[in-house]
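Numbering (this note's numbering), first residue to last: 4 to 579. Glycine is no exception: its CB is placed at the ideal position from the N, C-alpha and C atoms. Written below as structure tokens is the structure these notes are about.
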Ligand code: DGT
Ligand code: CA
Ligand code: CA
Ligand code: ZN
């Protein structure tokens, strides 16, 4: 059974965590963790690789490669199963709490039956810990304090990771007899950058059987609670999933309800009430009679509104626009004609320019920019002046070879220095087709200092795109503190597009910033920043973030035909 890179990475990370709580040696746990990271960032499908190929990957050693092969061939890892049997799902999550080691977590699990932080909190508040051997009033107090600081926020998982789990679980759900339709809902369907828990919805006439079969799907670690039409489970890697099963005629209204957001739902329900209707997850009713419910379009339609795309449903004015039939038409993946940030072996990418260009052509793009790092980013391989010449010749030859298939643009990701300076002199910058300027170091400066650096870069006449504007890296590195209004104003004035970086760890501009920039009339570039052909597929996350900011295709420069894009890159007036 083929496994995705994310699944393999999750198994290796789980193994590392379990080994660690089992008292395993630090180097061994570190090796599994690094191997997990390496698999996740791999430029190709791990399930097609041989042991020797795996072993050759930076970050994967002989022992870890063996475990991956074991997983790919047998469907699991014996050592992982052994540790899972020893530490039930949930114990691992509890050990993430400071002050709760594996032994104590296990003791609490066995004595009180608690397996999640929520259950632990309930037990603590009920005073059930106090009389337990090895615990006491002091540990009760410490754990309560630890719980309070370990907020829900910290436990949110990245959109990219949640989507992989959700799609896999939907696949499982759809194989269950009786399931007619299934979808994910909640923050994932709205494509928020992080997800608290996963909400799944199924339509079936036999909810009880569906709930039961769902609890038996392979990825499920523990059932937290179940009723005749719903259940909550924890996946093997600790993500909570809520499933509801509804009758097919309720599917649309339930999907509408569980997609949220809560604020959007409140607005829509108020409108229903004003129209003399009642809207709930069970349907739209007039005087007790169902008038809509099987699809979302039917529900919104019966309310006299357009159906807002899920990423817009945050009560930012979309309900009012939908009522007037005036929703913007948001950019979609199919609108994109090219990718404007990517890396090759000339810097920290994994493939040649040719391999990247062929992959971009295979996606149906008209153009594609290779933008390796400039020389001031010293932590990775970067472009010397000779490299730039060699690269230019390579791109020229490639364009001859690939004529009619794709146009390769010779680009640069210039590093923004402490004074806003870029890597090379003006005449060197001028030689590139496209220059993306990005912050990479010293991101923690004062707002005024950071904003000044960025404004200087935007003012540079050779810059076309501001790359991942704040430099954030989820989950741990927050972005720079920037005066985003000033940045947008400058970008607008100097004809610079703001990047929405599609990598799920970045999503930068983030949704709120994209929304602001769009209101101010800025231009955007949605780019994957791919370091391998596979990462070109990350585009959907950038598009989703753009949609959350209400961005339309006409405002995204890489939806434009090449001729129009070239006028933009030449900084000549672009008519629409
Ligand atoms: P999350 O899980 O924190 O990332 O965010 P959501 O939006 O997925 O929130 P969640 O899982 O608590 O609930 C899923 C959806 O169900 C939510 O977006 C709207 C709906 N919902 C949940 N509770 C309520 C409620 O009390 N009132 C209303 N109107 N809707 C609710
Ligand atoms: Ca949720
Ligand atoms: Ca939920
Ligand atoms: Zn960068």
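**OP:** Spell out the partners DSSP gives residue 416 in its beta bridges.
**Re:** Partner(s): 376, 439.
Subject >> For residue 446 and residue 118, the rounded distance between their alpha carbons >> reply: C-alpha separation (whole angstroms): 39 Å.
Subject >> Inter-residue spacing [alpha-carbon to alpha-carbon] between residue 537 and residue 505 >> reply: If you take the alpha carbons of residue 537 and residue 505, they lie about 13 Å apart.
Original post:
Would you say the beta carbon of residue 352 comes nearer than 7 Å to a heavy atom of ligand 4?
Top reply: When distances are taken from the beta-carbon of residue 352 to the heavy atoms of ligand 4, even the shortest one reaches 7 Å or more.
Original post:
Nearest CA to the CA of residue 151: which residue from 195, 49, 123?
Top reply: When each option's Cα is compared against that of residue 151, the closest is 123.
Subject >> Presumed contact (8 Å Cβ cut-off) between residue 541 and residue 548, rounded CB distance >> reply: Cβ-Cβ separation between residue 541 and residue 548: approximately 11 Å, too far for a contact (criterion under 8 Å).
Original post:
Would you say residue 199 touches ligand 5, meaning its beta carbon is less than 7 Å from a heavy atom?
Top reply: Inclusion of ligand 5 in the displayed structure is not the case, the ligand content consisting of ligand 1, ligand 2, ligand 3 and ligand 4 alone.
Original post:
Taking 7 Å as the cut-off, does the CB of residue 190 come closer than this to any heavy atom belonging to ligand 2?
Top reply: The closest heavy atom of ligand 2 lies less than 7 Å from the beta carbon of residue 190.
Subject >> Alpha-carbon to alpha-carbon, residue 215 and residue 72 >> reply: If I take the Cα positions, the gap works out to 32 Å.
Original post:
What are the residues that DSSP puts in a beta bridge with residue 283?
Top reply: Answer by DSSP bridge pairing, in chain order: 286.
Original post:
Would a C-beta distance cut-off of 8 Å place residue 345 and residue 533 closer than the cut-off?
Top reply: Taking 8 Å as the Cβ cut-off, residue 345 and residue 533 qualify as a contacting pair.
**OP:** Check the DSSP bridge columns for residue 233 and list the partner residues they point to.
**Re:** Within the DSSP bridge table, the entry for residue 233 names 247 as partners.
Original post:
Would you report the Cα separation of residue 40 and residue 12, rounded to the nearest angstrom?
Top reply: Distance from the CA of residue 40 to the CA of residue 12, rounded to the nearest whole angstrom, comes to 7 Å.
Original post:
Can you find a heavy atom of ligand 4 that lies under 7 Å from the Cβ of residue 470?
Top reply: Because some heavy atom of ligand 4 lies under 7 Å away, the Cβ of residue 470 counts as near it: yes.
Original post:
So what does DSSP say about residue 187, is it helix, strand or coil?
Top reply: Correct three-state label for residue 187: strand.
Original post:
Three-state secondary structure (DSSP) at residue 575?
Top reply: DSSP places residue 575 in the coil class of the three-state scheme, outside both helix and strand.
**OP:** Could you give the DSSP three-state label for residue 217: helix, strand or coil?
**Re:** Here DSSP, grouped into helix, strand and coil, assigns residue 217 to helix.
Original post:
By Cβ distance, which residues of its chain are closer than 7 Å to residue 497, with the 5 residues on each side in sequence left out?
Top reply: Only residues of its own chain outside the window of five on either side were considered, and among them 461, 462 have a CB closer than 7 Å to the CB of residue 497, listed in chain order.
Original post:
Below 8 Å between beta carbons: does that hold for residue 413 and residue 429?
Top reply: Taking 8 Å as the Cβ cut-off, residue 413 and residue 429 do not qualify as a contacting pair.
Subject >> Best match in 171, 465, 553 for proximity to residue 574 [C-alpha to C-alpha] >> reply: Ranking 171, 465, 553 by Cα distance to residue 574 puts 465 first.
**OP:** Determine the extent of the beta strand (DSSP E) in which residue 242 is found, giving its start and end residues.
**Re:** Residue 242 -> no beta strand (DSSP E), and no H or E assigned at all.
**OP:** Please check the pair residue 181 and residue 208, which I expect to be a contact at CB under 8 Å, by giving their CB distance rounded to whole angstroms.
**Re:** Right, their Cβ atoms sit about 6 Å apart.
Original post:
Cβ-heavy atom distance between residue 202 and ligand 1 below 7 Å?
Top reply: Yes, ligand 1 has a heavy atom inside 7 Å of this Cβ.
Original post:
Do residue 457 and residue 439 have their C-beta atoms within less than 8 Å of each other?
Top reply: No, these two residues do not count as a Cβ contact at 8 Å.
**OP:** Would you identify the three-state DSSP class for residue 63, choosing helix, strand or coil?
**Re:** In the three-state reduction of the DSSP assignment, residue 63 falls in the coil class.
Subject >> Sequence-distant residues of the same chain with beta carbon closer than 8 Å to residue 377, five excluded per side >> reply: Cβ within range, chain order: 385, 386, 415, 416, 417, 418, 425, 426, 427.
Original post:
How would you label residue 51, buried or exposed, when you count the other beta carbons within 10 angstroms and need 16 or more for buried?
Top reply: With fewer than 16 Cβ atoms within 10 Å of its Cβ, residue 51 is classed as exposed.
Original post:
What did DSSP end up calling residue 58 once you bin it into helix, strand or coil?
Top reply: Collapsing the DSSP output to three states places residue 58 in a helix.
**OP:** Leaving aside the five residues before and after residue 571 along the sequence, list all residues of the same chain whose C-beta is less than 6 Å from its C-beta, in chain order.
**Re:** Counting only Cβ-Cβ distances below 6 Å, and skipping sequence neighbours, we find 560, 577.
Original post:
What residues are listed by DSSP as bridge partners for residue 530?
Top reply: Residue 530 pairs with 504.
**OP:** Would you identify the three-state DSSP class for residue 300, choosing helix, strand or coil?
**Re:** In the three-state reduction of the DSSP assignment, residue 300 falls in the helix class, which pools H, G and I.
Original post:
Any heavy atom of ligand 4 within a distance shorter than 7 Å of the CB on residue 342?
Top reply: Flag unset: Cβ of residue 342 not near ligand 4.
Original post:
Is the CB-CB distance between residue 161 and residue 197 below 8 Å?
Top reply: For the 8 Å CB-CB criterion, residue 161 and residue 197 form a contact.
Subject >> CB-CB length for residue 562 against residue 340, believed under 8 Å >> reply: About 6 Å separates the Cβ atoms of residue 562 and residue 340, confirming a contact at the 8 Å cut-off.
Original post:
Within 10 angstroms of its Cβ, does residue 276 collect 16 or more other Cβ (buried), or is it exposed?
Top reply: With fewer than 16 Cβ atoms within 10 Å of its Cβ, residue 276 is classed as exposed.
**OP:** Below 6 Å CB to CB, which residues in the same chain sit around residue 272 once its five sequence neighbours on both sides are set aside?
**Re:** Taken in chain order, the residues that qualify are 282.
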